[in-house]
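Student: Numbering (our numbering), first residue to last: 1 to 611.
We put the beta carbon where it would ideally sit given N, CA and C, even for glycine.
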Amino acid sequence: MNSANNSQPEKQPKKTKSVKALLPIFSFIKPYKLVVGAAMVALLLTAGINLSLGQGVKYIVDHGFIAGSSEQLGNAILVLIGLIALLAIGTFSRFYLVSWLGERVSADIRKAVFNRIVQLHPSYFEENRSGELMSRLTTDTTLLQSIIGSSLSMALRSSLMLIGGLIMLMITNFKLTLLVVAFVPLVLAPMMISGRKIRRLSANSQDAIADISTYAGEIIQNIKVVQSYTHEQREQTAFKGEVEKAFTVAKKRIAQRALLIASIIFLTFSAISVMLYVGGVDVLEGKITGGELSAFVFYAIMVAMSVATVAEVYGELQRAAGSAERLLELLATKSDINSPQAPRPLNQGNEHDTVQEPEIVFHNVEFNYPSRPDMPALKDINLSIPKGKIIALVGPSGAGKTTMFELLLRFYDPQKGQISFNDNNITQLDLTDLRKTMGMVPQHPVLFSSDVWHNIRYGNPDASDEAVIEAAKRAHAHEFIEKLPEGYASFLGEQGVRLSGGQKQRIALARAILKDPQVLLLDEATSALDAESESHVQAALNELMKDRTTLIIAHRLSTVIHADLIVVMDKGQIVDMGDHQSLLASDALYQRLCELQFDKANEPDISLQAS
Ligand SMILES: Nc1ncnc2c1ncn2[C@@H]1O[C@H](COP(=O)(O)OP(=O)(O)OP(=O)(O)O)[C@@H](O)[C@H]1O
Ligand SMILES: [Mg+2]
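1. Going by the C-beta, is residue 501 closer than 7 Å to any heavy atom of ligand 3?
2. Between which two residues does the beta strand (DSSP E) containing residue 366 stretch?
3. With distances taken Cα to Cα, identify the nearest neighbour of residue 75 among 313, 86, 59.
4. For residue 549, which of helix, strand or coil comes out of DSSP?
5. With ligand 2 as the reference, list in chain order each residue whose Cβ lies under 7 Å from any of its heavy atoms.
6. Below 8 Å on the Cβ atoms is my guess for residue 320 versus residue 144; work out the distance and round it to an integer in Å.
7. From residue 533 to residue 540, what distance separates their C-alpha atoms?
8. Could I get the ranges of all uninterrupted beta strand (DSSP E) runs contained in the region 9 to 86, with 3 residues as the minimum, in chain order?
9. Using a Cβ-Cβ cutoff of less than 6 Å, which residues in the same chain neighbour residue 379 once the five nearest sequence positions on both sides are dropped?
10. Leaving aside the five residues before and after residue 468 along the sequence, list all residues of the same chain whose C-beta is less than 6 Å from its C-beta, in chain order.
11. Hey, is residue 410 close to ligand 1, as in C-beta under 7 Å from one of its heavy atoms?
12. Check for me: the beta strand (DSSP E) holding residue 382 runs from which residue to which?
13. Within 7 Å: the Cβ of residue 371 and any heavy atom of ligand 1?
14. In chain order, what residues of the same chain have a beta carbon less than 7 Å from the beta carbon of residue 390, not counting five sequence neighbours either side?
15. For residue 343 versus residue 465, is the C-beta spacing smaller than 8 Å?
16. Measuring only from the beta carbon, is residue 563 closer than 7 Å to any heavy atom that is part of ligand 1?
17. Could you check how far apart the C-beta atoms of residue 101 and residue 19 are, in whole angstroms? I think they sit under 8 Å.
18. Looking at the secondary structure, which residues open and close the alpha helix (DSSP H) in which residue 465 lies?
19. Are the Cβ atoms of residue 184 and residue 300 separated by less than 8 Å?
20. Only counting the same chain, and skipping five residues up and downstream in sequence, which positions put a Cβ closer than 7 Å to that of residue 410?
21. Nearest-angstrom Cα distance between residue 292 and residue 255?
22. Does DSSP put residue 196 in a helix, in a strand, or in coil?
23. Determine whether the beta carbon atoms of residue 226 and residue 307 lie at a separation below 8 Å.
24. How close, in whole Å, do the beta carbons of residue 447 and residue 504 come, if the pair is a contact with beta carbons under 8 Å?
25. Could you compute how far the alpha carbon of residue 648 sits from the alpha carbon of residue 419?
26. Can you tell me which of the three DSSP states residue 411 falls into?
27. Do you know offhand how far residue 451's Cα is from residue 492's?
28. By how many angstroms is the C-alpha of residue 207 removed from the C-alpha of residue 172?
29. Roughly how far, in whole angstroms, is the beta-carbon of residue 55 from the beta-carbon of residue 295, given that I think they are within contact range, below 8 Å?
30. Going by DSSP in three states, residue 279 sits in which element: helix, strand or coil?
31. Residue 582 lies in the alpha helix (DSSP H); which residues open and close that run?
32. Apart from the five residues on each side of it in sequence, which residues of its chain come closer than 8 Å, Cβ to Cβ, to residue 170?
33. Report the rounded CA-to-CA distance for residue 94 versus residue 23, giving the unit in angstroms.
34. What is the rounded straight-line gap between the Cα of residue 250 and the Cα of residue 202?
35. Let me know the secondary structure DSSP gives residue 594 once reduced to three states.
36. Since I believe residue 313 is in contact with residue 155 (beta carbons under 8 Å), could you give me their beta-carbon distance rounded to a whole number of angstroms?
Next up, the structure:
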């Protein structure tokens with residue numbers, strides 16, 4: 001349980017052209033041109049009003065106070081209030097529109113990323129940790145949301161104010177402006193220097209947070225194992241390690257940020273102080289009016305604040321660049337398993353009305369899992385599965401039985417050989433078509449954190465309540481479901497934790513029954529049932545298997561004795577096949593598998609034996 005510790009080197013942020021990494025995100029903003037336009041108008045309006053406020057200050061000081069006219073002062077204040085009202089309207093629109101844009105775009109990105117993730121080939125998830133993918137969906141998109149929804153508009157507004165402010169400064173007093181401008185490089189220098197560092201630290205910080213959630217997620221999911229081995233303290237210590245690691249990284253980042261912000265504030269306000277001195281002397285000497293100096297200081301502070309904002313946002317943009325890069329990388333990931341450009345139709349026999357069961361043929365199939373390139377999981381597999389027959393796969397653990405199913409469903413493609421379905425290589429079929437024909441009950445039943453309705457209906461979302469109940473009855477699940485606190489509407493807990501193993505299995509069976517597939521794949525589908533329910537479920541399954549091709553994996557040979565063909569597998573190869581009697585007579589491995597089960601129990605029904 002230390003997967004969180006092996007931080008993968010490939011996830012380190014690559015050297016990028018910094019903020020440029022954000023550019024592709026604009027394709028997500030494009031659909032909302034109108035909103036962007038309206039926000040721009042609001043932005044320009046508020047920036048313009050902000051800038052003219054300085055003139056108002058100048059007017060009030062020179063004409064109100066200095067001229068000593070209360071009437072003029074009153075007029076000036078009225079104008080000022082008018083301007084401020086406009087400012088309020090502008091600010092409302094800007095804030096609303098820009099925040100809307102941020103939420104909208106991040107929602108779109110989230111959807112796009114999720115859509116991409118659910119279509120990726122399964123081995124992708126063996127190479128990438130789920131915590132990391134989750135953090136892209138949540139943390140990375142949230143960062144982008146704050147960038148688009150506030151930082152970007154802040155940056156735009158501040159840039160406008162910066163430029164406008166500088167222009168107004170020049171108009172107001174050229175000499176003092178030169179002073180201000182001389183300070184600008186002083187402010188920008190630390191920004192540039194520490195920006196790079198901050199970006200790197202931010203990326204590390206985000207990785208560390210992802211590690212934390214991966215770690216915690218795993219422990220929470222397996223809490224009973226943790227507690228039964230009394231590893232609470234160990235896990236606490238290990239988790240502490242992860243958290244402290246993240247804190248250390250974050251500390252470095254905030255120290256950098258704090259230093260940057262502090263130095264910018266110090267530099268800008270020092271500049272303003274110097275300017276105040278120079279301007280003050282000019283006022284004393286009567287070269288400029290008090291109003292002019294007031295307006296000037298107003299603009300100078302505005303410029304200073306804008307520079308500070310831009311600097312801060314710049315740091316955030318750099319952080320977001322890392323997020324954008326990761327999201328785009330994920331969006332650009334291609335699935336290894338795809339439907340062909342021009343898929344062949346599933347030929348289901350010649351007549352239209354009588355759907356014939358497919359024939360499946362494994363031809364010289366060799367396969368190794370991507371993570372184990374040197375160890376074939378399947379080798380020289382040649383197997384023909386006739387229509388409508390029941391084929392049993394038996395063999396020791398790790399023989400490659402489940403792998404056969406995974407290849408059939410095209411979770412992976414074999415490296416050599418091919419699998420055909422009604423004479424078509426399955427790689428030439430549409431993935432959806434192919435998978436629609438198959439119903440699999442996996443070795444470890446998977447339930448979703450929802451109610452019974454949802455979980456069974458997963459097999460066929462359009463099924464009526466009656467059909468769901470009928471499927472549950474056939475899977476021998478109806479009885480226990482009825483006894484649940486809220487019957488079919490009972491919430492089953494995350495991954496169905498509120499059910500026993502056998503109950504989960506029956507729900508999974510009901511789901512497959514509801515799907516009513518042409519090919520039924522049962523992977524130890526009844527292994528967790530007691531003898532009685534197994535015999536009932538078995539009866540239902542026998543009924544179900546009648547009119548479809550069935551592949552069945554079972555350790556309990558009593559369940560496979562009646563198969564049309566029993567395939568004995570060992571170490572990734574088919575070592576023998578035949579029916580029960582002939583295998584019993586000829587195949588040593590099958591004999592051994594049978595002996596181990598039947599002899600000990602002294603009777604054929606040894607279903608109590610754990611598999
Ligand atoms: N995702 C995977 N990545 C790498 N290797 C895998 C993966 N899944 C299975 N294997 C390996 O492939 C081999 C065959 O596994 P498979 O799951 O097909 O066995 P099985 O016959 O179903 O065994 P069992 O009866 O225990 O379920 C095993 O050696 C296993 O370790
Ligand atoms: Mg298996």
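Tutor: Based on what the coordinates show:
1. Among the ligands modelled here, namely ligand 1 and ligand 2, ligand 3 does not occur.
2. 360 to 367
3. 59
4. strand
5. 401, 402, 443, 523, 524, 553
6. 6 Å
7. 10 Å
8. none
9. 366, 572, 573
10. 456, 457
11. no
12. 378 to 385
13. yes
14. 545, 550, 552, 563, 564
15. no
16. no
17. At roughly 18 Å, the Cβ-Cβ gap does not stay under 8 Å, so residue 101 and residue 19 are not in contact.
18. 465 to 474
19. no
20. 337, 426, 431, 434
21. 39 Å
22. helix
23. no
24. 6 Å
25. Nothing can be reported for residue 648: it is not among the residues displayed for the chain, which extend from 1 to 611.
26. coil
27. 6 Å
28. 49 Å
29. 7 Å
30. helix
31. 580 to 586
32. 177
33. 22 Å
34. 7 Å
35. helix
36. 4 Å
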